[in-house]
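Residues -19 to 333 (our numbering) make up the sequence shown, in order. Inspection log for the structure reproduced underneath, given as structure tokens.
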Amino acid sequence: MQRWPHAHGGPLGAGDFRHTPEDFRVTELMDFVPEGHGEHQWLWVEKRGLTTDDLCRELAGLCEVAPRDIGVAGLKDKQAITQQWVSVWLPGREAPQDLSDALAEKGVRVLASVRHPRKLKRGVHRGNRFALRVSGEAVAHPEFEVRWQTLIRDGVPNYFGPQRFGHQGHNLGRARAVLVRGWRKRDDRSGMLLSTARSFLFNEVLAARLKANCWATALSGEVFALNGTGSRFVTDGSESAETLAQRLASGDIHPTGPLWGTGRAEAHAQVAQLEQVLATRWPQLCEGLEKAGVKAERRPLRLMPGKPRLEWDITPEQAKTEGGEASVWLHFDLPRGSFATGLLRELIAHPLL
């Protein structure tokens, strides 16, 4: 992600995060709880050192079900301590008695087990709660807390994180090859390569608006997203420019960028012209996505961390007098589909950011 610009002057110095899985904690946030009955066994689990796909494969094998019978709301990091719901379709039977013990051997703790009538679907969670331990020279910078407060007040660019593009960005090359040839389901069963291409194009639009200093201001033809919801609206003249500016400044609304696909008519005027540049610059990606039949969507350009809190582990002053390295815990909530790396890259320089 280093090729895309920052919003607040760039990182304050080198930093480290996720030194151990215990330094990176993620808890899934849901707006509902399982009903206590039904054909699906929902498990609230805590995993360490496993991807969500790893977890699903282990669970399918232990419960003797097909992978399609496993449901998750979202994918969680491997090098982290993460808590999330996962469902298993078990009509007319119970989960194996030794399931918790068998999962524990794989680094998974079952914290709760409840029945529910329906499979857990992707994207039904509200978001994720993060607790990250960060250290390094950036943390010792005298402006670190000031920068943190700036990010909380003004938000950060809602980039798709580097994990979306694979090791050294190799997924983008794979996506381009598939789209040039003509996307086929058998070549990309999970749709990962389509998602990679759309993520790249979105980041390109966001980067262009950052360079033009209009990523958090209103252009003509803007499509706005209401903060914390999936609702969008296009300016129709019913609100004055001053009112829109106030709502933007307060974080109530955000400009949006395109998730490329068919039916892109939502934006117009300046915004449509800016986004259409993508079709000229990256025609193979744009045309390939349209031919694949992907439906166009919108995504907020700005991300506002919720429930932010900074908690010093070792202050810079303590590090100077007692030895060691300054470190801090950053606590915040993010909506689903957003990446903690978007916030971290505005604070610290790190090879993975």
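Backbone N, C-alpha and C define an ideal beta-carbon position, used for all residues, glycine too. None of these values were measured; they are calculated from a predicted model.
Legend entry - Beta-carbon proximity check, A(-6) vs E123, cutoff 9 Å: Within the sequence shown, numbered from 1, the residue matching residue -6 stands at position 14. Within the sequence shown, numbered from 1, the residue matching residue 123 stands at position 143. It is not a contact, given that the beta carbons lie outside the stated cut-off.
Inset, instruction - Ignore the nearest five residues each way along the sequence and tell me which others in F145's own chain have a CB closer than 8 Å to its CB. - result: Here residue 145 refers to the residue found at position 165 when the sequence shown is read from its first residue. Only N151, L152, T176, S179 and F180 meet the Cβ criterion.
Legend entry - Buried or exposed (CB count within 10 angstroms, at least 16 for buried), H17: Taking the sequence shown and counting its residues from 1, the one referred to as residue 17 is at position 37. By the neighbour-count rule (16 or more Cβ atoms within 10 Å), H17 is not buried but exposed.
Inset, instruction - With a threshold of 16 other CB atoms inside 10 Å of the CB of L324, please say whether the residue is buried or exposed. - result: Position 344 of the sequence shown, counting from 1, holds the residue named residue 324. The residue in question, L324, is buried, as its Cβ has 16 or more Cβ neighbours within 10 Å.
Legend entry - Candidates K271, K27, V68 and A225: closest to L55 by CA position: Taking the first residue of the sequence shown as position 1, residue 55 is located at position 75. Among K271, K27, V68 and A225, the Cα nearest to that of L55 belongs to K27.
Legend entry - Whole-angstrom distance between A320 and E74, CA atom to CA atom: Residue mapping note: residue 74 aligns to position 94 of the sequence shown, counting from 1. Residue mapping note: residue 320 aligns to position 340 of the sequence shown, counting from 1. Each residue's Cα considered, the two are about 37 Å apart.
Legend entry - Rounded distance between the beta-carbons of V25 and R89, thought under 8 Å: Residue numbering aside, residue 89 sits at position 109 when the sequence shown is read from its first letter. Residue numbering aside, residue 25 sits at position 45 when the sequence shown is read from its first letter. Contact flag correct, Cβ pair sits at about 6 Å.
Legend entry - Burial state of Q129, where buried means 16 or more other Cβ atoms lie within 10 Å: Taking the sequence shown and counting its residues from 1, the one referred to as residue 129 is at position 149. Per the 10 Å Cβ criterion, exposed.
Inset, instruction - Rounded to whole angstroms, what's the CA-CA distance from M(-19) to E125? Just pull it up for me. - result: One-based indexing of the sequence shown puts residue -19 at position 1. One-based indexing of the sequence shown puts residue 125 at position 145. Any reading at M(-19) is ruled out, since the residue's pLDDT is 48, under 50, leaving its predicted position unreliable.
Legend entry - Endpoints, the beta strand (DSSP E) within which S307 is located: As a working note, residue 307 is residue 327 in the sequence shown. Counting along the chain, the beta strand (DSSP E) containing S307 begins and ends at S307 to P315.
Legend entry - Collapsed DSSP secondary structure at W262 in the structure displayed: In the sequence shown, counting from the first residue as 1, residue 262 sits at position 282. Here W262 sits in coil by DSSP.
Inset, instruction - Under 8 Å by Cβ, that's how I've got A247 and G201 pegged, so tell me the actual separation to the nearest angstrom. - result: On the sequence shown, position 267 is the one that residue 247 refers to. On the sequence shown, position 221 is the one that residue 201 refers to. Yes, they are in contact, since the Cβ atoms of A247 and G201 sit about 5 Å apart, within 8 Å.
Legend entry - Buried versus exposed call for L239 [16 or more other C-beta atoms within 10 Å across all chains shown]: One-based indexing of the sequence shown puts residue 239 at position 259. So L239 ends up on the buried side.
Inset, instruction - Leaving out five residues on either side along the sequence, give the residues of the same chain with a beta carbon under 6 Å from the beta carbon of R189. - result: Along the sequence shown, read from residue 1 onward, the residue named residue 189 stands at position 209. For R189, where only same-chain residues beyond five positions count, the Cβ hits under 6 Å are W195.
Legend entry - Sequence-distant residues of its chain with Cβ nearer than 8 Å to A60 (five each side left out): Numbered from its first residue, the sequence shown carries residue 60 at position 80. So the qualifying residues of the chain are R(-2), P1, F4, R5, V6 and R28.
Inset, instruction - Please name the residue, chosen from G171, P235, V274 and L23, that lies closest to G243 on a Cα-to-Cα basis. - result: Locating residue 243 in the sequence shown gives position 263, where the first residue counts as 1. Out of G171, P235, V274 and L23, V274 has the C-alpha closest to the C-alpha of G243.
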